[in-house]
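Participant: So the sequence shown is numbered by the numbering used here: it starts at 14 and just counts up by one.
Even glycine gets a Cβ: it sits at the ideal position worked out from N, Cα and C.
Below is a structure I'd like to ask you about.
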Amino acid sequence: MNSFQFQYEFFEWLFAVLLLFLLLFIGVNKWKKRTAGKMGNPLLVKAMLRRFSQRRFTAKFVLICLAFVMGVLALMNLRKPGGSDGIVRKGIDVVFALDVSRSMLAEDVQPNRLQRARQLISKLMDALPDSRVGLVLFAGKAYVQMPLSSDHGAAQMFVNEASPDAVPMKGTVISDALQESLNAFGERDAKYRAVVLISDGEDHDEAAIDLSKELSKRGLMVNTVGIGSPTGSFIPDDSTSGNKIDKETGIEIISKLNEQELKQIAANTRGIYVHLQNSDDAVKQITANLSQIDKKVTGDMNLMSFSYYFWVFVALTLLLLIWEQLLPEGRRKKGDR
């Protein structure tokens, strides 16, 4: 829909400054009256101020306020979409939620779980060239690493750099990952949204199952990918060049794939669960399920061409300020007030 829109709507708060202007105007008027009352004989003061016009003083204040409003509107940058330069993308919105907890460094899949997960996301993005993608990283907490965008090159860069160091809080909280994935979509149409969650399933929070039921009611599909083996593997510890050790028992920690929760989350949201063994097979299964989501034609805002109208407000601001400067406060003729 090619309608006018403001690019920077968050500057709306500046309109509140008008209230400060009004308070200053009232304060100045009261100060003038008090000062005039202290100057001496009222008849003499009135004679001295006979050329002062309250109406013109007020008019100058109104012009300054209007100039300020025009300036804020110029800052908000009014624009109108003019097309997408001939480029139209057809696809869906997909957020990849990637587990970057320390357990993802286990080597029961080669070279390790995290590296295989990165490879899978890369192949999925190649298989979804027309879709917008986003990236959420999670461990003990989840963060939106990249908002939805058609820039797959940038997304690939973020995926390549994903590591346990990106989320310093230890653990795995899948419910937080699901909530941040939902937040990444904003208010977009639920018909075209999907999450691909990749984890070894070692969740330290039981809220994910309940949250997945809520996401299903809101139309969000979650496809889950389990990575690792049920028998598990040790977790490498870079600080000791050995394996991670449980501080309480002194025994080396074994991280095992927990498929049950991942399967339940997928089932609750009409998604599918895939145990990652062969990346190509996983891509086929996931893209086949995503293809069931109705596609939409979207003009990428990054590719959209716009007509900008900020200059109109800049011109009005200058004209109003010039008018204010040229308008005298004194009366031009005896009848003026």
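#1: Do three or more CB pairs link the stretch 162 to 174 to the stretch 191 to 201 at distances below 8 Å?
#2: Could you tell me which whole beta strand (DSSP E) segments of length 3 or greater appear in the stretch 22 to 53?
#3: Would you mind reading off the limits of the alpha helix (DSSP H) that contains Val186?
#4: Provide the residue span of the beta strand (DSSP E) that contains Asp106, from first to last.
#5: Rounded to the nearest angstrom, what separates Arg47 and Arg68 at their Cα positions?
#6: Do Leu148 and Pro249 count as a contact pair if the criterion is CB distance below 7 Å?
#7: Going by alpha carbons, who is nearest to Ile211 out of Gln338, Leu36 and Tyr286?
#8: With H, G and I counted as helix, E and B as strand and the rest as coil, what does DSSP make of Ser194?
#9: So, under 8 Å CB-CB, Arg115 and Asp213 are touching, yes? Tell me the CB distance rounded to an integer number of Å.
#10: Would you call Asp216 buried or exposed, if buried means 16 or more other Cβ atoms sit within 10 Å of its Cβ?
#11: Looking only at its chain, what residues have a beta carbon closer than 6 Å to the beta carbon of Met89, apart from the 5 residues adjacent to it on each side?
#12: Count the C-beta pairs between the stretch 332 to 342 and the stretch 225 to 239 that are closer than 8 Å, then say yes if the count reaches three, no if not.
#13: Can you grab the Cα-Cα spacing for the pair Phe107 / Gln123, in whole Å?
#14: If we count the other Cβ atoms within 10 Å of its Cβ and call it buried at 16 or more, is Tyr205 buried or exposed?
#15: Three-state secondary structure (DSSP) at Lys297?
#16: Under DSSP, the beta strand (DSSP E) around Met239 begins and ends at which residues?
Facilitator: For this structure:
#1: no
#2: none
#3: On the sequence shown, residue 186 is found 173 positions in, with the first residue counted as 1. Looking at the DSSP string, Val186 is not in any alpha helix (DSSP H), and its letter there is neither H nor E.
#4: Residue numbering aside, residue 106 sits at position 93 when the sequence shown is read from its first letter. Run containing Asp106: Asp106 to Asp112, per the beta strand (DSSP E) assignment.
#5: Here residue 47 refers to the residue found at position 34 of the sequence shown. Here residue 68 refers to the residue found at position 55 of the sequence shown. Computed Cα separation, rounded: 19 Å.
#6: Within the sequence shown, numbered from 1, the residue matching residue 249 stands at position 236. Within the sequence shown, numbered from 1, the residue matching residue 148 stands at position 135. Against a cut-off of 7 Å, the Cβ pair of Leu148 and Pro249 comes out as no contact.
#7: Here residue 211 is taken as the residue at index 198 of the sequence shown, counted from 1. It is Tyr286.
#8: Taking the sequence shown and counting its residues from 1, one reaches residue 194 at position 181. Helix.
#9: Here residue 115 refers to the residue found at position 102 of the sequence shown. Here residue 213 refers to the residue found at position 200 of the sequence shown. Rounded, the Cβ-Cβ distance is 11 Å, inconsistent with contact.
#10: Here residue 216 refers to the residue found at position 203 when the sequence shown is read from its first residue. Buried.
#11: Taking the sequence shown and counting its residues from 1, the one referred to as residue 89 is at position 76. Excluding residues within five positions, the ones whose Cβ falls inside 6 Å are Phe19, Tyr21 and Phe24.
#12: no
#13: Position 94 of the sequence shown holds residue 107. Position 110 of the sequence shown holds residue 123. Phe is not the amino acid found at residue 107; the sequence shown has Val there. Taking the straight line from one Cα to the other gives about 26 Å.
#14: Reading the sequence shown from its first residue, position 192 is the one you call residue 205. With 16 or more other Cβ atoms within 10 Å, it is buried.
#15: Translated into positions along the sequence shown, residue 297 becomes position 284. Here Lys297 sits in helix by DSSP.
#16: The residue labelled residue 239 in the question sits at position 226 within the sequence shown. The sequence shown places Gly at residue 239, not Met. Met234 to Gly239 is the span of the beta strand (DSSP E), which, as asked, contains Gly239.
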